Amino acid sequence: MLIKLIIFDLDGTLIDSVSDIANAVNYAVKPIGLDGQSDDAIRALLGGGISGLISCLVAENKACFLDEAVERFMDYYREHLLDYTLVYDGVEDALKELAPQSMGVISNKREELVKKILSELGLAPYFGQIYGSDSASDKKPSPAPILKMMGYFGVTPEETMIVGDGEADVGAGKAAGVTTVSVTYGYRTKEQLSGTDFYIDGIGELPALINRL
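With our numbering applied, the sequence shown has no gaps in its numbers, which climb one by one up to 196 at the end.
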């Protein structure tokens, strides 16, 4: 199998951003009387986008405040994207090793935020294309962003791999017919990712895995 395109998830795969997201969520929901959430509580809810995350916290009788809370989240998060966010160990070395191949990022964050984060962390130059939740007709676990990116690079499903830490990555990858690789150091347990094709415990294992395929 010759992999020509490697697609990466962002949060929980390339970067650990849970503290900054949790701070923004707590800022957003405090005015509507909701208790603050721990990093661990937010980590368990990540993967489906911000609207989905906040809707999990907003009680039915406060659902009318959802749009307001999402807007407050975005206002705060844009100003605090990288207060505590870190690139996982080994990520840049792995990207350098994989650089001869085409690479992209697909996140369920909005595209503007994904591009800003990758740029400010110095990772953007490694990627030929970067998509967010608003870049295709639907977001992960829909295959839409993967199919769009494959079209951009002119590759087939057999030539494509998605690397991520969540169920949405596996679901999108399976629906698109591409190889799925799940990282075990992200925001989900190995058991939650049981449908994936391959596991890696560190991103540094990825080049060797690709060479074995």
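Where a beta carbon is used, it is the ideal one built from N, C-alpha and C, also for glycine. It should be emphasised that the depicted structure is a prediction, and the values quoted were computed from it without experimental measurement.
Based on the DSSP output, what are the partners of I(-2) in its beta bridges?
-> Beta-bridge pairing by DSSP links I(-2) to D(-6) and V70.
Nearest-angstrom Cα distance between L247 and L196?
-> What the structure shows of the chain is the stretch from -16 to 196, and residue 247 is not part of that stretch, so it cannot be assessed.
Drop a sphere of 10 angstroms on the beta-carbon of M86, count the other beta-carbons inside from all chains shown, and report buried for 16 or more, exposed for fewer.
-> Answer is buried; the Cβ neighbour count reaches 16.
Just mark S0 as buried or exposed, buried being the case when its beta carbon has 16 or more other beta carbons within 10 Å.
-> S0 sits buried, since 16 or more C-beta atoms from the chains shown fall within 10 Å of its C-beta.
Does the segment 147 to 154 come close enough to the segment 22 to 41 to have 3 or more Cβ pairs within less than 8 angstroms?
-> Taking a contact to require three or more Cβ pairs closer than 8 angstroms, the segment 147 to 154 and the segment 22 to 41 qualify as touching.
Bridge partner(s) assigned by DSSP for Y182 = In the DSSP output, where bridge partners are listed per residue, Y182 has S165.
Residues near F206 by beta carbon distance below 8 angstroms, same chain, minus five either side = What the structure shows of the chain is the stretch from -16 to 196, and residue 206 is not part of that stretch, so it cannot be assessed.
Evaluate R26 with the Cβ neighbour count: other Cβ atoms within 10 Å of its Cβ, from every protein chain shown; 16 or more gives buried, anything less gives exposed.
-> With 16 or more Cβ atoms within 10 Å of its Cβ, R26 is classed as buried.
Burial state of T172 (16 or more Cβ within 10 Å) | T172 comes out exposed.
Any idea which residues DSSP pairs G147 with across the strands?
-> Under DSSP, G147 shares a beta bridge with S165.
Assumed close pair P124, G154 - CB separation to whole angstroms, cut-off 8 angstroms | 3 angstroms between Cβ atoms; contact.
Assuming D180 contacts T167 under a Cβ cut-off of 8 angstroms, what Cβ separation, rounded to an integer in Å, is found between them?
-> The beta carbons of D180 and T167 sit about 14 angstroms from each other, so the pair does not count as a contact at 8 angstroms.
On the premise that V70 lies in contact with I(-2), defined as a C-beta separation below 8 angstroms, what is that separation, rounded to the nearest angstrom?
-> Going by Cβ atoms, the distance from I(-2) to V70 rounds to 5 angstroms, so yes, they are a contact pair.
Proximity winner among K92, E80 and V74, relative to R61 (alpha-carbon distances) | In this structure, K92 is the residue among K92, E80 and V74 with its C-alpha nearest to the C-alpha of R61.
Own chain residues within Cβ distance below 8 angstroms of P249, not counting five before or after | Outside the shown range of the chain (-16 to 196) lies residue 249, about which nothing can therefore be said.
Boundaries of the beta strand (DSSP E) in which M(-16) is found, first to last residue = Counting along the chain, no beta strand (DSSP E) covers M(-16), and no H or E run does either.
Just the C-alpha distance for S90 and K157, rounded to the nearest angstrom, thanks.
-> Taking the straight line from one Cα to the other gives about 16 angstroms.
Can F(-9) and I145 be called in contact, C-beta distance under 9 angstroms?
-> A distance below 9 angstroms separates the beta carbons of F(-9) and I145.
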